[in-house]
Structure formats: structure tokens, C-alpha cells
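> Below is the structure I would like to discuss, written out as C-alpha cells.
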Amino acid sequence: MAEKKQVPLRLSAKLYDAIAAWAEDDFRSVNGQIEYLLTECVKQRKKDGKYVSENLDEKIELDIR
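In short: position in the sequence shown from 1, add 427, done, that's the working numbering.
This is the structure we're talking about:
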């Protein structure tokens, strides 16, 4: 099995709470939920054939702060 890398991650309290609630609904740990979500995003990106965003430097607005 491949070695997993540790990555320091800083999240706003509101985003963490949202992910924690979602993780609980899916019977996962917060770490497991984040890994699952990132994996799904990468799969979707590959499926769509989009590897680099055309607007990579554009900041997106999310109501999670």
C-alpha cells in the first residue's frame, strides 16, 4: 500500500463545522471526509478532461467564512 502524505491544513471554523457535519452524516472522520472529497474532485476533473483551470488565479466566493 502506498504511503500517505501528511499535509498541514488550515480551515475556517465555519468550513470545518460544515465538513464535520457532512462527515458525521457519511459515517466518516473529518480527515476521511476531506480525503474522499478531494479524491472525488480529482476523478471528476480527469473525467471532464480539465486539468488546469482557465481562471486559476480567480478567487471564488463561498459563504463559509
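All C-beta atoms, glycine included, are put in the ideal place defined by N, C-alpha and C.
In this text, all values refer to a predicted model and were calculated from it rather than measured experimentally.
If you draw a straight line from the C-alpha of R455 to the C-alpha of V434, how long is it?
Translated into the one-based positions of the sequence shown, residue 455 becomes position 28. Translated into the one-based positions of the sequence shown, residue 434 becomes position 7. Using only the alpha carbons, I get a separation of about 19 Å.
> DSSP on G433, reduced to helix/strand/coil?
If you number the sequence shown from 1, residue 433 lands on position 6. The sequence as given places Gln at residue 433; Gly does not occur at that position. In this structure, Q433 counts as coil in the three-state DSSP scheme.
> Rounded to whole angstroms, how far is the Cβ of A445 from the Cβ of V457, which I believe are closer than 8 Å?
Translated into the one-based positions of the sequence shown, residue 445 becomes position 18. Translated into the one-based positions of the sequence shown, residue 457 becomes position 30. Actually they do not touch by this definition, with Cβ atoms about 11 Å apart.
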